[in-house]
Amino acid sequence: MTLSLPPTQNNRFHYNQYRCAAKNPLHCEQSQRSQESNLCSKCLFPSVLPEQSKLRGQRGTYVIEEFLTVRGLGRLYRGYQELEDRSVIIREYVLPTRCFNTTEIRQRQRAFAGLTGISLADGRSQDFRLITPYDAIADQSETRCYLITLDDYNAYSTLQSQLPQLGTMPAIQVRRVIAQILQSLELLHRQKFRLPNGQIEAQLVHGNLSLETILIQPQTEWHDEFVIYLTDLALWERLFIPTQLALPKLTIADDLKALGQIGIQLLSGKSSDSDLPCSPAFEAFLLRLIGAGQPFENLETVRQVFKQLPPEPISESKIAPIELEQDDPKHKINWKKWGLLCLALLGIGALVWWLSLTLRPKPRTSSERLVPKIESVSDIPSGRFNYTGEQRSLWSYVSRQKNLIQQGKNLETILQERQPKLQLNYQPEETIESAIEKVRSQQAEFLVTSLIDPVGAEFDTQNIAYDGLAVFVAFSYSNRDNSLPRFLNGQISFKQLKQLYTGEIQNWKQIGGADLPVRLYIPAEPELVRVFEQRVLRDQQSIQKFRKLRESSISELPTFDSLRQVLRDFEQEQVGSIAFGSLSQVYGQCLVYPLALIEGNRSPVAPLLLDSGKPITPQIDLCTAKGSYDRNFLAFQTQGYPLMYSLAVVSARNNARPPVGRKFASILRTIEGQSLLDKTGLIPLSKTQKNSLP
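Here's what the structure looks like:
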């Protein structure tokens, strides 16, 4: 089935000021690069960059390996980051001089550097399937800008390119696409975001949704299991549209209308269709999105209506059967010969397919570039360097506590033994603000911190592991009938936590538990308390109540001390104590029970899972069952655990300074480094890395 799709918004503009034979100089196969400049010798449009071209960014230098394709207003290249030997996808934008004057070019390059890239304002790391940049380069020597992304997702196929090859998408799969886009839009529209220039945006509009800005791993046929990614946010894409084109203000309604158009195009292959191959309810939903029915009030209404749609009927394929003519004795087909010919063709086709898989070069992916050994990290700067962090912090514990990995040694010592070239001196500060200032003033080369608060656009951050808050109560298997885990069914909601830590709940019977008075504990690490305030308490009124209660009724203890104290309170005083601390310190003991967490209307997420993949329950004796459960790696690595956070190396974005922080992060991101961090209780960065650990 061959489809002819309507042009997407990005393809409407083809730089008409340039007399390109292909009418699209971005992707002109006849383009011939001038020897003197990176311009087409025929029309003088900025040409495709040659292989081995180098681009210098804030986070390093990138080398172009090959040109891939054009998507919208940008070219895509595959490349790698020097020194780090990390695969990257490079997206190139051009500001051609016949479309932009000198002032416009400089203004847009400055804006590009300040707008390109977004992060959650509260410092959380959350996957909302939007391709976000690793680095942004505004090349002042040329009329070009570049986006660098780490994952191969940015080189995936667009739905625009897949649809003509595979035909229209079945309604069930279209609903899966709509559901995933809605999840991403919900985060974009509702969260506060910090831009690289420090500006906070209360909400963001994608503004550029189309089949061409939705990426999917290349398919051979439509199937149920796929993940889509949104890309090319209008926030920076619109910078490369000439000013003579009228650009309307973007609204949430634009995203919703685009969502409806995407659904209709996937179902019919056209921008509109009066008889869509789907249920009447789904068709009415899509028509409402594009404004052909009663408009939706907001995204929440869209989500609720979509959630309540009846299932799509499972129907037979609508592809029309091929009608065969009646046999004519004069032209009777010799089916035996045809069968042999088909078998021969199938055999040749299979051979060609196998050879193409065997002989063609495979693109390098991030997982293939994992460095196995710490000693393999090269180009270590010579000299002795200071780095910093927070005095009472997770990293101070992880790096200096002996016996976590090896008897009589700490992580600091082990890293020094395995990479003696890197000479580091850890000098922690009392507060995170002091540590950041120390890096800014060049008294320290980098800091290691739990990435809770934004550190600013002037700094580069590289995650090295994950951790999270574990909320726990006493676990006494001998007295389990009256224990809190049983009464709470092994879980607790954010609402209940807020009520407990603001003094609204003073006895567990108030929420259906045993008649036990409540006693509250918090960890001595300030960064963990900040996580709790930001994620659980959230509003200023609740935070103030908590801080006031902290002065009189909340005890502060190091996490290990609170483990013992919570159990002692229950067994000796019949007090129902509750505390929270880092999972890396709570995991591995059985004095307390870490509760599953419920955020809003979402399902509970347990920090620990049995080997079967099921969450632990209060009926399990955590002491005798040791070795049969572990941390919920997937929930942390996909940002699904509500109180997770990243541990990161933070260094100044200044190429004039030695790349000590980047090298330290590279060491910890090796398979060997991830194994060491895993043994301290931290969560490795990815499933691939976890499965590769020795």
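Anchor point for the sequence shown: position 668 equals 1170 in the working numbering, and the numbering is continuous, going up by one each time.
Where is the CB? At the ideal position from N, CA and C, for every residue including glycine.
Please read these numbers as outputs of a predicted model, since none were measured by experiment.
Quiz prompt | For K772 and V873, the rounded distance between their alpha carbons | solution = 47 Å
Exercise. Tell me whether S686 is buried or exposed, calling it buried when 16 or more other Cβ atoms sit within 10 Å of its Cβ.
Key: buried
Quiz item: CA-CA distance, L993 and L597?
Solution: Correcting the residue identity first, residue 993 is Gln in this sequence and not Leu. Q993 and L597: Cα-Cα distance of roughly 55 Å.
Quiz item: Bridge partners of I639, per DSSP?
Solution: Y648
Self-check item: For L1149 and R1133, the rounded distance between their alpha carbons
Solution: 16 Å
Quiz item: If you run the structure through DSSP and keep just helix, strand and coil, what is Y899?
Solution: helix
Exercise. Note the first and the last residue of the continuous beta strand (DSSP E) segment covering R1021.
Key: 1020-1025
Practice problem: Identify, in the order they occur along the chain, each residue of the same chain with its Cβ nearer than 8 Å to the Cβ of G586, setting aside the five sequence neighbours on each side. | Solution: Sequence check: residue 586 is Glu here, not Gly. If we look at E586 and ignore the five residues flanking it on each side, its Cβ neighbours are G562, R1164, S1168.
Practice problem: Tell me whether K556 sits in a helix, a strand or coil according to DSSP, three-state version. | Solution: strand
Quiz item: Among residues of its own chain, excluding the 5 on either side of D881, which ones have a beta-carbon nearer than 6 Å to its beta-carbon?
Solution: L585
Quiz item: Apart from the five residues on each side of it in sequence, which residues of its chain come closer than 7 Å, Cβ to Cβ, to P883?
Solution: P1160, P1161, V1162, K1165
Quiz item: Which parts of the stretch 1095-1160 are runs of the beta strand (DSSP E), unbroken and 3 residues or longer, counting only runs that do not cross its ends?
Solution: 1098-1100, 1110-1112, 1131-1133, 1146-1154
Quiz prompt | N656 - DSSP class collapsed to helix/strand/coil | solution = helix
Exercise. Would you tell me roughly how many angstroms separate the C-alpha atoms of S712 and S1044, rounded to the nearest one?
Key: 42 Å
Self-check item: Of the residues S995, I1173, E960, the one placed nearest V973, counting alpha carbons only
Solution: S995
Practice problem: Would you identify the three-state DSSP class for F798, choosing helix, strand or coil? | Solution: coil
Quiz prompt | Identity of the residue in R610, Q721, A1081, Y517 nearest L668 by Cα | solution = Q721
Quiz item: Since S1177 is in the alpha helix (DSSP H), which residue starts that stretch and which ends it?
Solution: 1173-1181
Quiz item: Any chance the stretch 1177-1188 sits against the stretch 1081-1098, with 3 or more Cβ pairs inside 8 Å?
Solution: yes
Quiz prompt | Under 8 Å between C-beta atoms of R790 and F798 | solution = yes
Practice problem: Assess, as a yes-or-no matter, whether the stretch 942-951 is touched by the stretch 905-918 under the definition of 3 or more beta carbon pairs within less than 8 Å. | Solution: no
Quiz prompt | Paired residues, beta bridge with T571 - DSSP | solution = L578
Quiz item: Fully enclosed by the stretch 1005-1084, which beta strand (DSSP E) runs are 3 residues long or longer?
Solution: 1020-1025, 1056-1059, 1078-1084
Quiz item: Okay, do the stretch 889-902 and the stretch 926-934 touch, 3+ Cβ pairs below 8 Å being the bar?
Solution: yes
Quiz item: For the beta strand (DSSP E) that Y889 lies in, which residues bound it at each end?
Solution: 886-890
Self-check item: Opening and closing residue of the beta strand (DSSP E) in which S589 lies
Solution: 588-596
Exercise. May I ask you to verify whether the stretch 734-742 touches the stretch 611-623, counting CB pairs closer than 8 Å and requiring at least 3?
Key: yes
Quiz item: Who are the Cβ neighbours of Q519 in its own chain at under 7 Å, not counting the five residues just before and after it?
Solution: R600, C601
Quiz item: What residues in its chain sit with their C-beta under 7 Å from that of L1178, if we drop five residues either side in the sequence?
Solution: I907, L913, I916
Quiz item: What's the C-alpha gap between R1032 and I954?
Solution: 8 Å
Practice problem: Return the Cβ separation of L1093 and R1066 in integer angstroms, given the expectation that the two are a contact with Cβ distance under 8 Å. | Solution: 6 Å
Quiz item: With L1220 and V1068 assumed to form a contact (beta carbons below 8 Å), what rounded beta-carbon distance in angstroms separates them?
Solution: For residue 1220 there is no data in the structure shown, the boundaries of the chain being 503 and 1196.
Quiz prompt | Cβ neighbours of E814 in the same chain (closer than 7 Å, five flanking residues each side left out) | solution = A673, I674, R677, C780, S781, F784
Exercise. Determine the burial state of R588: buried for a count of at least 16 other Cβ atoms within 10 Å of its Cβ, exposed for fewer.
Key: buried
Quiz item: Under three-state DSSP, which class holds G562?
Solution: coil
Quiz item: CA-CA distance, I716 and I730?
Solution: 6 Å
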